Amino acid sequence: MAPVERLVTTSAVSARMSKQKSRNTGIEMALRKILHAAGFRYRVHRRPVKGVRREADLVFGPSRVAVFVDGCFWHGCPEHGTWPKNNADYWRTKIETNRRRDANTDALLLEAGWLSVRIWEHEASDVAASRVIETVQERRPH
């Protein structure tokens with residue numbers, strides 16, 4: 022395994038990046054609140070499929086729907102993603118690797134009979150919740 026590249030950064034940037042939440046973000050909490058109020062129940066931060074080391078933000082077991090709330094920076098949002106100038110090669114590689122992993126996760130879940138719903142952090146929570154509700158209802162077992 023290759024050694025991890027030491028990034029050239031400032032203490033201010035380092036402090037800001039260390040405060041970035043990976044769980045229970047604002048959009049994730051707003052989405053959960055709307056879905057719960059609408060009567061939907063789900064598991065939080067679970068692996069939908071045994072043996073697949075990928076964790077979804079919300080898991081609707083009976084419907085086999087896994088919801089991922091993706092950050093615009095970390096997942097390369099086409100609308101809001103940015104390419105940093107400092108350590109540009111590192112960040113391009115990191116973000117592109119995340120995108121490939123997301124696509125692979127979606128494919129692995131689909132192969133196992135699950136559907137991934139991807140929500141960008143910039144999406145309005147009510148619009149995102151409507152999309153999740155529609156998907157879960159369509160896939161509910163009869």
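Per my numbering: the sequence shown = residues 22 to 163. C-beta: ideal position from N, C-alpha, C; glycine also. All figures in this text were calculated on a predicted structure; none of them were measured in a lab.
Check whether T156 and V138 have beta carbons under 8 Å apart: Counting from 1 along the sequence shown, the entry for residue 156 is found at position 135. Counting from 1 along the sequence shown, the entry for residue 138 is found at position 117. Contact annotation: T156 and V138 have beta-carbon atoms nearer than 8 Å.
Complete runs of the beta strand (DSSP E) confined to the segment 85-158 [at least 3 residues]: 86-91 and 136-141
Nearest neighbour of H66, chosen from E159, A59 and R75 [CA to CA]: Reading the sequence shown from its first residue, position 45 is the one you call residue 66. Per the Cα distances, R75.
Inter-residue CB distance, W95 and P105 (contact presumed, cutoff 8 Å): In the sequence shown, counting from the first residue as 1, residue 95 sits at position 74. In the sequence shown, counting from the first residue as 1, residue 105 sits at position 84. At roughly 12 Å, the Cβ-Cβ gap does not stay under 8 Å, so W95 and P105 are not in contact.
Rounded C-alpha distance that separates P83 from P99: In the sequence shown, residue 83 corresponds to position 62, counting from 1. In the sequence shown, residue 99 corresponds to position 78, counting from 1. So the alpha carbons of these two residues sit roughly 32 Å apart.
Local conformation of V59 per DSSP, three classes: For the purposes of this step, residue 59 is identified with residue 38 of the sequence shown, where counting begins at 1. Sequence check: residue 59 is Ala here, not Val. A59 falls in the coil class under three-state DSSP.
Nearest candidate by alpha-carbon position, reference L71, set N119, A133 and E117: For the purposes of this step, residue 71 is taken as residue 50 along the sequence shown, with counting starting at 1. The identity of residue 71 in the sequence shown is Lys, whereas the question assumes Leu. When only C-alpha atoms are compared, the closest one is A133.
Rounded straight-line distance, which links the Cα of V80 to that of R62: Position 41 of the sequence shown, counting from 1, holds the residue named residue 62. Position 59 of the sequence shown, counting from 1, holds the residue named residue 80. Using only the alpha carbons, I get a separation of about 9 Å.
Residue burial classification, V90 (beta-carbon count within 10 angstroms, cutoff 16): Walking along the sequence shown from the start, residue 90 turns up at place 69. By the neighbour-count rule (16 or more Cβ atoms within 10 Å), V90 is buried.
Sheet register partners of A77 (DSSP bridge): Position 56 of the sequence shown, counted from the first residue, corresponds to residue 77. For A77, which the question treats as bridged, DSSP gives the partners R67.
Presumed contact (8 Å Cβ cut-off) between L136 and R160, rounded CB distance: On the sequence shown, residue 136 is found 115 positions in, with the first residue counted as 1. On the sequence shown, residue 160 is found 139 positions in, with the first residue counted as 1. Indeed they touch by this definition, with Cβ atoms about 6 Å apart.
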